[in-house]
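Asks: First the structure, then my questions, so here it is.
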Amino acid sequence: MTELAGPPLDRARCALALDTGDLARALGLARILRPWFGIAKVGLELFGAVGPAAVGALRDEGFEVFVDLKLHDIPNTVAGAARSLAGLGARYVTMHAAGGSAMLTAGADGLAAAARPAGAEAPVGLAITVLTSDSVATGEVLASRAEMAAATGCGGVVCAAADLPTIREAAGDLLRVVAGIRPRGAAADDQSRVATPAGAVAAGADIVVIGRPVTAAADPAAAAAALLAG
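This note's numbering numbers the first residue of the sequence shown as 479 and each following residue consecutively.
What follows is the structure, given as structure tokens:
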């Protein structure tokens with residue numbers, strides 16, 4: 479993996495995956511790791527445990543909130559869910575590109591139509607291309623889903639670092655969010671296609687999503703400092 483020399487990554491480009499069902503723990507981690515992360519990601523586990531309270535609490539802490547529920551349903555349902563999440567002040571909301579163009583369009587429209595809290599920036603719809611736990615991601619599928627995301631009003635995509643060249647060629651104007659981030663030599667866990675933060679940024683990532691390598695560490699702050707040192 480290509481490494482990027484230079485200063486630490488800008489915290490505005492780093493999303494902290496708070497995969498816990500305990501809001502107090504999530505907030506504690508967010509506060510400790512604030513120097514390295516400007517975005518807090520609320521996934522299925524945390525949202526399932528405490529719901530909208532997680533979004534509000536993290537916004538109150540000054541984070542942009544990335545709601546990663548991977549919406550995938552009929553267009554009307556996705557539109558309503560997207561509108562509700564944007565109404566909470568979510569900055570980023572994920573939807574499965576596998577749901578098709580009508581669903582993505584409905585989701586993007588729902589985000590755009592929402593009445594947002596005061597001070598909340600316009601939400602960005604992120605299309606999930608292929609999960610990083612999937613060991614196979616064909617160029618044809620990636621390109622098709624990236625093109626669909628751009629055509630339906632999504633602002634970006636979520637992909638693996640290895641997919642970035644294909645995504646950039648297919649839809650270069652989209653925001654590129656890369657998951658599956660690990661330190662060099664670390665266990666991949668349940669991720670099949672991983673990269674270091676520096677390697678992902680060097681390949682064209684706009685935002686990197688980091689979870690267990692930091693949140694599960696004995697010293698999360700030390701782990702974050704080492705991982706994001708540049």
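All C-beta atoms, glycine included, are put in the ideal place defined by N, C-alpha and C.
Work out the CA separation of S579 and F541 for me, nearest whole Å.
Replies: Roughly 30 Å between the two C-alpha positions.
Asks: Count the other C-beta atoms from every protein chain shown that fall within 10 angstroms of the C-beta of A557, then say buried if there are 16 or more, exposed otherwise.
Replies: Looking at its Cβ environment, which holds 16 or more other Cβ atoms inside 10 Å, A557 is buried.
Asks: Using a threshold of 8 Å, state whether the C-beta atoms of L494 and A518 are closer than that.
Replies: Contact: yes.
Asks: So is D641 buried or exposed if we call it buried at 16+ other beta carbons inside 10 Å?
Replies: With 16 or more Cβ atoms within 10 Å of its Cβ, D641 is classed as buried.
Asks: Taking 7 Å as the limit between beta carbons, can you name the residues of its chain near L511, skipping five residues before and five after?
Replies: Excluding residues within five positions, the ones whose Cβ falls inside 7 Å are L494, V692, P698, A699, A702.
Asks: Classify A666 as buried or exposed, calling it buried when 16 or more other Cβ atoms lie within 10 Å of its own Cβ.
Replies: Interpretation of A666 is limited by its pLDDT of 49, a score under 50 that renders its predicted location unreliable; the figure taken from the coordinates is listed afterwards. Its Cβ having fewer than 16 others within 10 Å, A666 is exposed.
Asks: What residues in its chain sit with their C-beta under 7 Å from that of V533, if we drop five residues either side in the sequence?
Replies: Same-chain partners within the cutoff: V520, V543, V545, L566, G567, A568.
Asks: So, are the CB atoms of V679 and V687 less than 8 Å apart?
Replies: Not closer than 8 Å, so no.
Asks: Whole angstroms is fine: what's the gap from A621's alpha carbon to A596's?
Replies: Their Cα atoms are separated by approximately 37 Å.
Asks: Apply the 10 Å Cβ neighbour rule to A707 and answer buried if 16 or more other Cβ atoms are within range, or exposed otherwise.
Replies: By the 10 Å Cβ count, A707 comes out exposed.
Asks: Cutting at 8 Å between CB atoms, please list the residues of its own chain near P643, excluding the five before and the five after it.
Replies: So the list reads A681, G682, once near-sequence residues are dropped.
Asks: I need the straight-line Cα distance from P530 to G585, nearest angstrom please.
Replies: The alpha-carbon atoms of P530 and G585 are separated by roughly 18 Å.
Asks: Starting from the Cα of V602, find the closest Cα among R561, A639, A673, G577 and give me that residue.
Replies: If we check each option's Cα against that of V602, R561 comes out closest.
Asks: Quick check on this structure: which residue in E625, G677, A590, E539 has the alpha carbon closest to the alpha carbon of L653?
Replies: Per the Cα distances, E625.
Asks: Which residue comes first and which comes last in the alpha helix (DSSP H) that contains T555?
Replies: It spans 553 to 565 - the alpha helix (DSSP H) in which T555 sits, taken as one unbroken run.
Asks: Assuming A673 and A639 form a contact by the criterion Cβ under 8 Å, report the distance between their Cβ atoms to the nearest whole angstrom.
Replies: Correct: roughly 3 Å between the Cβ atoms.
Asks: Let me make sure I understand the geometry here. Which of D488, A576, V636, R509 has the alpha-carbon closest to that of Y570?
Replies: It is V636.
Asks: Expressed to the nearest angstrom, what Euclidean distance is found between the alpha-carbon atoms of D488 and D551?
Replies: So the alpha carbons of these two residues sit roughly 35 Å apart.
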